[in-house]
Amino acid sequence: MNDSDSLPDPQATLDTFAALSQATRLDTFRLLVRHEPQGLPAGEIARRLEVPHNTLSTHLGVLSRAGLIHSQREGRSLIYRANLEHMLATVQFLVRDCCAGSSVVCDPLLASLTVPDCSASSTPCASQEPGSDD
Numbered sequence: 027m028n029d030s031d032s033l034p035d036p037q038a039t040l041d042t043f044a045a046l047s048q049a050t051r052l053d054t055f056r057l058l059v060r061h062e063p064q065g066l067p068a069g070e071i072a073r074r075l076e077v078p079h080n081t082l083s084t085h086l087g088v089l090s091r092a093g094l095i096h097s098q099r100e101g102r103s104l105i106y107r108a109n110l111e112h113m114l115a116t117v118q119f120l121v122r123d124c125c126a127g128s129s130v131v132c133d134p135l136l137a138s139l140t141v142p143d144c145s146a147s148s149t150p151c152a153s154q155e156p157g158s159d160d
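Letter by letter, the sequence shown follows residues 27 to 160 of my numbering.
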């Protein structure tokens, strides 16, 4: 299997960007990225983003169908997490032919596109933005 076999097809990439093209969904995805690897329950996402639960449920469904998030039942709660591998594959799809294949320019960019290993840490992997109290 070559590298392009693991990359999303153009329609999947369009679906990803369509899902992120709405403010609440973009905010939800970014919030979940900041809370990797532990994720957040839907109620906590709704509270932090000040979004009604039923509205958030619709947005979570769109993000899930686009492959951007996944959920896991923990007791009575559904915990939502960002699918960082999907986002990485999407960005790699966008830049795979960058710079006409010049390894001098492309290699550092492609090398920087890795998913951090959050499993060994109890703190969020992604750094919080300045002024954010999430």
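Think of the CB as a built atom: it goes at the ideal place given N, C-alpha and C, for glycine as much as any other residue.
Quick caveat, the model's predicted, so the values are computed rather than measured.
Reduced DSSP category for residue i - H, G, I as helix; E, B as strand; rest coil
i	result
residue 111	helix
residue 70	helix
residue 122	coil
residue 156	Bear in mind that a pLDDT of 36 at residue 156, under 50, signals an unreliable position, so the number given afterwards is only what the model happens to contain. If DSSP states are grouped into helix, strand and coil, residue 156 belongs with coil.
Span of the beta strand (DSSP E) around residue i
i	result
residue 102	No beta strand (DSSP E) contains residue 102, which DSSP labels as neither H nor E.
Strand pairing of residue i, partner residues [DSSP]
i	result
residue 63	Bridge partners of residue 63: none, in fact.
residue 96	107
Presumed contact (8 Å Cβ cut-off) between residue i and residue j, rounded CB distance
i	j	result
residue 86	residue 108	Residue 86 to residue 108, Cβ: 12 Å. No contact.
residue 139	residue 117	6 Å
residue 65	residue 58	7 Å
residue 63	residue 115	So it is not a contact: roughly 18 Å between Cβ atoms.
Beta carbon of residue i nearer than 8 Å to that of residue j
i	j	result
residue 84	residue 71	no
residue 67	residue 104	yes
residue 124	residue 110	no
residue 49	residue 92	no
First and last residue of the uninterrupted alpha helix (DSSP H) at residue i
i	result
residue 130	129 to 138
residue 44	36 to 46
residue 88	79 to 91
Check: residue i C-beta below 7 Å from any heavy atom of the ligand ZN
i	result
residue 78	For the structure depicted, the ligand ZN is absent and the ligand set is empty, with no information on it obtainable.
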